[in-house]
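Some notes on the structure that comes next.
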Amino acid sequence: MKRFLMVAVLGLFAFTMGAYAQKGEKALGVHLNYATEVDNAGLGAFFMYNFTDALRGEVAGDYYFKRDHLSMWDLNLTLHYLFPVGDYVKLYPLAGLTYTNWKAFNEHASRVGGNFGGGAQFDVADNFSINLEIKYQLVADFDQAVFSLGGAYRF
């Protein structure tokens, strides 16, 4: 039993020692979003930079399609902490700041808030990855969950 436990722990350790992103790595990408409060889809673009092998920053902007006289866009500054769970998969929690701007009929509002969530990165080629992400934007009078599917070119 002790031998099995030791092999299992070593196997788990080896499994999680997959390749980290490298310090200084950059990525540009696009994503498709769905936001729950505006109940609509949107498109976004993002830039990521790895400060360390495990800590990455992201700047993103999103535009949500106009629906029922409501239009919205947001800007996000987010940090990701990467946990490799295999050679080609990384999971990450995320936290950051968000700036939202929306307009309905003749009313206009903008707010600063926070966001938190998590995601998964799947490296499908040496310089291309697919990302799945869910985050919750905490904004006064306008909290919402945002689901994203995107692709990024790494360089």
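Under this note's numbering, the first residue of the sequence shown is numbered 853, with each subsequent residue one higher.
All C-beta atoms in this analysis are idealised placements derived from N, C-alpha and C, irrespective of residue type, glycine included.
Between which two residues does the beta strand (DSSP E) harbouring A1005 extend? Position 153 of the sequence shown, counted from the start, is the residue given in the question as residue 1005. Going by the sequence as given, residue 1005 is Tyr instead of Ala. Its beta strand (DSSP E) spans residues Q996 to R1006.
Counting pairs of Cβ atoms below 8 Å between the region 938-945 and the region 957-964, do you hit three or more? no
Would you mind sorting R908 into buried or exposed? The rule is 16 or more other CB atoms within 10 Å of its CB. Position 56 of the sequence shown, counted from the start, is the residue given in the question as residue 908. R908 should be labelled buried.
What residue ranges within the region 894-975 form continuous alpha helix (DSSP H) runs of no fewer than 4 residues, ordered along the chain? With a minimum length of 4 residues, no continuous alpha helix (DSSP H) run stays inside the region 894-975.
With 16 other CB atoms within 10 Å as the buried threshold, where does N983 fall? Start at 1 with the first residue of the sequence shown, and residue 983 comes out as number 131. Burial call: buried.
Bridge-paired residues (DSSP) for A887: By 1-based counting over the sequence shown, the position of residue 887 is 35. Paired residue(s): N892 and V998.
Residue nearest to N892 in terms of C-alpha spacing, selected from K878, L880 and W954: Within the sequence shown, numbered from 1, the residue matching residue 892 stands at position 40. Here the closest residue by C-alpha is W954.
What does the Cβ neighbour count give for A912, buried or exposed, with the cut at 16 atoms within 10 Å? The residue labelled residue 912 in the question sits at position 60 within the sequence shown. Buried, since its Cβ has 16 or more Cβ neighbours within 10 Å.
Using only alpha-carbon positions, find the residue among F1007, N958, F935 and V890 that is nearest to A977. Here residue 977 refers to the residue found at position 125 of the sequence shown. The option with the nearest alpha carbon to A977 is F1007.
Nearest CA to the CA of L934: which residue from D926, T950 and G971? Taking the first residue of the sequence shown as 1, we reach residue 934 at position 82. Residue G971 is the option with its Cα nearest to L934.
Start and end of the beta strand (DSSP E) containing E985? Translated into positions along the sequence shown, residue 985 becomes position 133. Unbroken beta strand (DSSP E) run through E985: F980 to L990.
In angstroms with no decimal places, state the Cα-to-Cα distance between Q996 and R919. To locate residue 996, count along the sequence shown from 1; it is residue 144. To locate residue 919, count along the sequence shown from 1; it is residue 67. So the alpha carbons of these two residues sit roughly 16 Å apart.
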